[in-house]
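> According to my numbering, the residues represented by the sequence shown are 582 to 720, in order. First, the structure itself, so that you have it in front of you.
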Amino acid sequence: VADREDAGREVEQDTLWRALAEVVEAATRSGRPQVPQAPIAVERESGTEWLSIVAAPWSGDHGDVGGVLVVAEVVTDVVLAELEVQAREHELEHGNRMELVSVVAGGVAHDIRNILSVLTAHAHLAGRTNVARSDVERS
Numbered sequence: 582v583a584d585r586e587d588a589g590r591e592v593e594q595d596t597l598w599r600a601l602a603e604v605v606e607a608a609t610r611s612g613r614p615q616v617p618q619a620p621i622a623v624e625r626e627s628g629t630e631w632l633s634i635v636a637a638p639w640s641g642d643h644g645d646v647g648g649v650l651v652v653a654e655v656v657t658d659v660v661l662a663e664l665e666v667q668a669r670e671h672e673l674e675h676g677n678r679m680e681l682v683s684v685v686a687g688g689v690a691h692d693i694r695n696i697l698s699v700l701t702a703h704a705h706l707a708g709r710t711n712v713a714r715s716d717v718e719r720s
């Protein structure tokens, strides 16, 4: 069991180091600060942590890149808050769609009821034996 846990930690660290290496390499190539588009997820025993990484190169003595400063910030709370907002927005959109379906269904039911009322009235008039022909034709 300890081997599996150690292997899991190696994979977690490998993912983090790979992400760091990509950001540092991009900063070194471009000579400009680099920020990944999305926070990097790092799986820990306590759960997923999200990191925001910035890599900023500095110029060496000859105008080349002398090194890269890397700053990592844990942004787990921000990411979780954004996910919560997205979930609430999805629920709101679903509620709005259901409300629209309800309004449309109510309108259709009203129209059908009107048509059935007319048909019922015609059937009632047609079923009366002493109704004048002109009464049926007018309706």
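The C-beta atom is built at its ideal place from N, Cα and C for all residues, glycine as well. Please read these numbers as outputs of a predicted model, since none were measured by experiment.
Less than 8 Å between the C-beta atoms of residue 617 and residue 604, yes or no?
Taking 8 Å as the Cβ cut-off, residue 617 and residue 604 qualify as a contacting pair.
> Under the assumption that residue 631 contacts residue 622 (Cβ atoms under 8 Å), give the Cβ distance between them as a whole number of angstroms.
Rounded, the Cβ-Cβ distance is 6 Å, consistent with contact.
> Within a Cβ cutoff of 8 Å, which residues of the same chain sit near residue 629, ignoring the five residues on either side of it in sequence?
Cβ neighbours of residue 629 beyond the five flanking positions: 622, 623 and 657.
> Quick one, which of 633, 693, 639 and 596 has its alpha-carbon nearest residue 655's?
Here the closest residue by C-alpha is 633.
> Check residue 619 in the structure and name its three-state DSSP category.
Three-state DSSP puts residue 619 in coil, outside helix and strand.
> For the 8 Å Cβ check, are there 3 or more pairs between the stretch 699 to 709 and the stretch 658 to 671?
In short, these stretches do not touch, since the Cβ pair count stays below three.
> Residue 656 by DSSP, collapsed to three states: which one?
Three-state DSSP puts residue 656 in coil, outside helix and strand.
> Could you have a look at residue 584 and say whether DSSP puts it in helix, strand or coil?
In this predicted model, residue 584 has a pLDDT of only 44, less than 50, meaning its place in the structure is not dependable; the value taken from the coordinates is given anyway. Reduced to three states, the DSSP call for residue 584 is helix.
> Measuring only the C-alpha atoms, how far is residue 686 from residue 660?
Straight-line Cα distance between these residues: approximately 39 Å.
> Please report the straight-line C-alpha distance between residue 666 and residue 676, rounded to a whole angstrom.
Their Cα atoms are separated by approximately 15 Å.
> With the cut-off set at 8 Å, would you say residue 635 and residue 601 are in Cβ contact?
Not a contact, by the Cβ cut-off of 8 Å.
> For residue 587 and residue 597, what's the separation of their Cα atoms in angstroms?
Confidence at residue 587 is low in this model, with a pLDDT of 44, below 50, so the placement of that residue should be treated as unreliable; the coordinate-derived value is given next. When rounded, the distance between both Cα atoms is 15 Å.
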